[in-house]
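Residue numbering for the sequence shown follows the working numbering, beginning at 6 and increasing consecutively.
Following: one structure in structure tokens, then a few remarks.
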Amino acid sequence: MEEFNQASKAHVLVVPYPAQGHINPMLQFAKRLASKGFKSSLATTVFISKSIPPQFAPLIQVRPISDGYDEGGFSQAESTPAYLSSLRANGSKTLARLV
Numbered sequence: 006m007e008e009f010n011q012a013s014k015a016h017v018l019v020v021p022y023p024a025q026g027h028i029n030p031m032l033q034f035a036k037r038l039a040s041k042g043f044k045s046s047l048a049t050t051v052f053i054s055k056s057i058p059p060q061f062a063p064l065i066q067v068r069p070i071s072d073g074y075d076e077g078g079f080s081q082a083e084s085t086p087a088y089l090s091s092l093r094a095n096g097s098k099t100l101a102r103l104v
């Protein structure tokens with residue numbers, strides 16, 4: 006029983022790579038952790054966070070971070086290197102504020 010009490014005090018921040026095929030597995034992982042008594046938060050880009058269904062809200066807190074392309078996500082970037090550079094710069098700052 007002590008383990009469960011310790012787990013219920015823990016807060017897990019899940020940060021998936023913001024691309025197709027990465028979000029749902031991490032969302033399911035966060036749900037699983039929440040079902041085991043952990044407080045779970047999913048940090049994902051502003052654009053992606055808008056598409057996460059609200060039914061996860063009771064179990065998981067969705068915390069938006071900026072990738073610099075908040076209105077259009079990856080498709081708004083000029084190129085993959087430009088997106089990754091912006092994600093690194095903007096995501097690091099907003100994630101640090103979140104933590």
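We put the beta carbon where it would ideally sit given N, CA and C, even for glycine.
Note that the structure is a prediction, hence the values are computed from the model and not measured.
Buried versus exposed call for L103 [16 or more other C-beta atoms within 10 Å across all chains shown] | exposed
Note down, in chain order, each residue of its chain lying with its Cβ closer than 8 Å to the Cβ of A24, except the 5 sequence neighbours on either side.
-> F79
With G96 and D72 assumed to form a contact (beta carbons below 8 Å), what rounded beta-carbon distance in angstroms separates them?
-> 6 Å
Do you know offhand how far S91's Cα is from T50's?
-> 12 Å
DSSP-derived helix/strand/coil call for V19 = strand
Check the DSSP bridge columns for T50 and list the partner residues they point to.
-> I70
Own chain partners of M31 with C-beta closer than 6 Å, once the 5 adjacent residues on each side are dropped | V19, P21
Looking at the structure shown, is S56 part of a helix, part of a strand, or coil, going by DSSP?
-> coil
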